[in-house]
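Colleague: Have a look at this one.
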Amino acid sequence: DLSDTARVLSGMVDIIMIRTHDHSEVEELAKYSTVPVINALTEKFHPCQLLADMQTFHEEKGSIEGKKIAWVGDGCNMCNSYINAAKILNFNLKISTPYGFEPDKATLSLGKDNVELCDLPGTAVEDCDLVTTDVWTSMGDENESEKRKNLFKGYQINQNLFEKAKSDAMFLHCLPAHR
Numbered sequence: 025d026l027s028d029t030a031r032v033l034s035g036m037v038d039i040i041m042i043r044t045h046d047h048s049e050v051e052e053l054a055k056y057s058t059v060p061v062i063n064a065l066t067e068k069f070h071p072c073q074l075l076a077d078m079q080t081f082h083e084e085k086g087s088i089e090g091k092k093i094a095w096v097g098d099g100c101n102m103c104n105s106y107i108n109a110a111k112i113l114n115f116n117l118k119i120s121t122p123y124g125f126e127p128d129k130a131t132l133s134l135g136k137d138n139v140e141l142c143d144l145p146g147t148a149v150e151d152c153d154l155v156t157t158d159v160w161t162s163m164g165d166e167n168e169s170e171k172r173k174n175l176f177k178g179y180q181i182n183q184n185l186f187e188k189a190k191s192d193a194m195f196l197h198c199l200p201a202h203r
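Read left to right, the sequence shown gives residues 25 to 203 (this note's numbering).
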C-alpha cells in the first residue's frame, strides 16, 4: 500500500519522484511521505515536462510573462499543466481542442483569468509566441487511436496552421512525436 511505501521510502531517501497514471497515487504518497514528492507524470498533470518547456522558452526567448501561447489538441495532462503555468507565470493561453477533449474543468477554472478556449485551432494560434501540443493518443488510450486520428485531424500542427503564429514563434512538443 502507498502509505506504507511512503513511510519506508521516507526513511531511505531525500526525495521521491513518481510517474504513474492515477494522480491520486501521487497525492496519497505525498500525504504519508516525510520527504518531498515530485510528480513525474500522471493522467492529470505533467509538471516536469512543463518546467522543461518553460526553461526552453526562457533560454530562447526570455520571459514568458505577457506572451501569447497556443495549446492545440487534447486537453490532457500537458494542457492542464500549461493552464497552471499560465496562472503562475502570467501568460495568455489560448486552447483549442476537439469537442469532448477539453481540459480538466477544475484546473480550467483556477486559470480562468489567463486562459481562453477557442473553437478553431487557427484562432488559438493566431499571433502566438509559442505553439504547443501533445500526441493525439496518450499512453493508456491506445485503444482509441483510430477514433482519435479522425477527431484530431483538424488539430494537426502543420505549416498552414503554424504560419498564423508570429514569424519568430517557437514550437514545442513533449514527445514522442508520431508523424
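For each residue, glycine too, the CB sits at the ideal point set by N, CA and C. Here the structure is a predicted model, which is why all the values come from computation and not from measurement.
#1: With Glu-140 as the anchor, note down where its beta strand (DSSP E) starts and where it stops.
#2: Let me confirm a value: Ile-112 is counted as buried when at least 16 other C-beta atoms fall within 10 Å, else exposed. Which label applies?
#3: Of the residues Gly-86, Phe-115, Arg-43 and Ala-54, which one's Cα is nearest the Cα of Phe-69?
#4: Whose CA, out of Cys-72, Ser-34, Asp-143 and Gly-178, lies closest to the CA of Met-102?
#5: Going by C-alpha to C-alpha distance, which of Val-59, Thr-147, Ala-64 and Ile-40 sits closest to Asp-46?
#6: Runs of 3 residues minimum, wholly inside the segment 110–151: which ones carry the beta strand (DSSP E) assignment?
#7: Does DSSP classify Met-194 as helix, strand or coil?
#8: Identify the residues that DSSP records as bridge partners of Ile-88: which are they?
#9: Grouping DSSP H, G and I as helix and E and B as strand, with all else coil, what is Val-159?
#10: Taking the alpha helix (DSSP H) that Leu-175 belongs to, which residues open and close that run?
#11: I'd like to know if the segment 91–102 and the segment 142–162 are in contact, where contact means that at least 3 CB-CB pairs between them fall below 8 Å.
#12: From the DSSP output, which residues share a beta bridge with Ala-94?
#13: Distance, Cα to Cα, Glu-67 vs Asp-192?
#14: Look at the alpha carbon of Asp-28 and the alpha carbon of Ser-87, and state the distance between them as a whole number of angstroms.
#15: Would you kindly report the start and end of the unbroken beta strand (DSSP E) that includes Leu-24?
#16: Does any residue of chain C bring its CB to less than 9 Å from the CB of Ala-64?
#17: Would you mind stating whether Lys-118 and Leu-141 have Cβ atoms separated by less than 9 Å?
Modeller: The answer reads as follows:
#1: 139–141
#2: exposed
#3: Put simply, of Gly-86, Phe-115, Arg-43 and Ala-54 the residue whose alpha carbon is nearest the alpha carbon of Phe-69 is Arg-43.
#4: Cys-72
#5: Ala-64
#6: 116–120 and 139–141
#7: strand
#8: None; Ile-88 has no bridge partner.
#9: The three-state secondary structure of Val-159, taken from DSSP, is coil.
#10: 169–176
#11: yes
#12: The secondary-structure analysis by DSSP pairs Ala-94 across a beta bridge with Lys-118 and Val-155.
#13: The alpha-carbon separation between Glu-67 and Asp-192 amounts to approximately 32 Å.
#14: Cα atoms of Asp-28 and Ser-87: separation of roughly 42 Å, rounded to the nearest angstrom.
#15: Nothing about residue 24 can be reported from this structure: the residues present for the chain run from 25 to 203 only.
#16: Protein chains in the displayed structure number just one, and chain C is not present.
#17: yes
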